[in-house]
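Quick note: the sequence shown uses the working numbering, first residue 1, plus one each step. Built from N, CA and C at the ideal position, the CB exists for glycine as well. Just so you know, these numbers come straight off a predicted model, no measurement behind them.
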Amino acid sequence: MNEAYHQCIENNFLVKEDLTHLCICPCCGAPDCGEEYMLITESEAGTEAVLFGGASFRRYLNYWFYEGITPEEYSSLPELVRQNNECTGWQNIEAECTEIDAHDFLRTLEAVKNCNHIEYKDTDFENYYYPVFKSFTEDVINKAQKLYISI
Numbered sequence: 001m002n003e004a005y006h007q008c009i010e011n012n013f014l015v016k017e018d019l020t021h022l023c024i025c026p027c028c029g030a031p032d033c034g035e036e037y038m039l040i041t042e043s044e045a046g047t048e049a050v051l052f053g054g055a056s057f058r059r060y061l062n063y064w065f066y067e068g069i070t071p072e073e074y075s076s077l078p079e080l081v082r083q084n085n086e087c088t089g090w091q092n093i094e095a096e097c098t099e100i101d102a103h104d105f106l107r108t109l110e111a112v113k114n115c116n117h118i119e120y121k122d123t124d125f126e127n128y129y130y131p132v133f134k135s136f137t138e139d140v141i142n143k144a145q146k147l148y149i150s151i
């Protein structure tokens with residue numbers, strides 16, 4: 001098991017899903033080189049988390065970081081994507097565990113899933129990440145909880 005998983009267990013997190021085994025480093029092809037991220041929420045029952053690879057996730061968000069994107073297209077992107085591109089908010093160099101807008105995260109998931117750039121299509125996202133992230137985030141929204149991302 002990876003270090004982030006053990007950290008969750010030590011902190012009495014309930015790990016809802018561990019997607020790290022699916023995360024392949026886009027640079028070297030090895031399992032995501034130890035860069036684990038977590039989606040986290042706190043409920044009356046405790047802290048729940050989904051573990052996943054950071055490099056794989058950022059690769060999905062980088063779909064819209066391309067030459068030729070218009071200012072209108074860019075400004076319509078979900079905030080999570082813009083923060084990823086601009087290294088602000090949750091992607092700030094000093095960020096560790098940042099609250100993110102759950103509705104914006106759902107918009108981000110839909111944007112990645114419905115990306116019209118064929119060269120970026122990834123069935124792993126649609127088959128594995130999307131359903132887990134969507135279910136976790138909808139549960140957070142339905143329970144009026146806060147959503148955090150830990151990097």
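- Exclusion of the five residues before and after Glu99 leaves Lys146, Leu147 and Tyr148 as the residues of its chain whose Cβ lies within less than 8 Å of its Cβ.
- Runs of beta strand (DSSP E) with 3 or more residues, each lying fully within the stretch 41-75, are found at 46-53, listed in chain order.
- By the criterion of a C-beta distance shorter than 8 Å, Ser135 is surrounded by no residue of its chain, once the five residues flanking it on both sides are discounted.
- Contact between the stretch 122-131 and the stretch 88-95 is absent: fewer than 3 CB-CB pairs across the two stretches fall below 8 Å.
- DSSP, read as helix, strand or coil, puts Glu86 in helix.
- As computed with DSSP, Thr98 is found in a beta bridge with Ile149.
- Note on Tyr63: 16 or more other CB atoms within 10 angstroms of its CB, so buried under the neighbour-count rule.
- Leu19 and Glu36 have their C-alpha atoms spaced approximately 10 Å apart.
- In the three-state DSSP reduction, Lys16 falls in the strand class (E or B).
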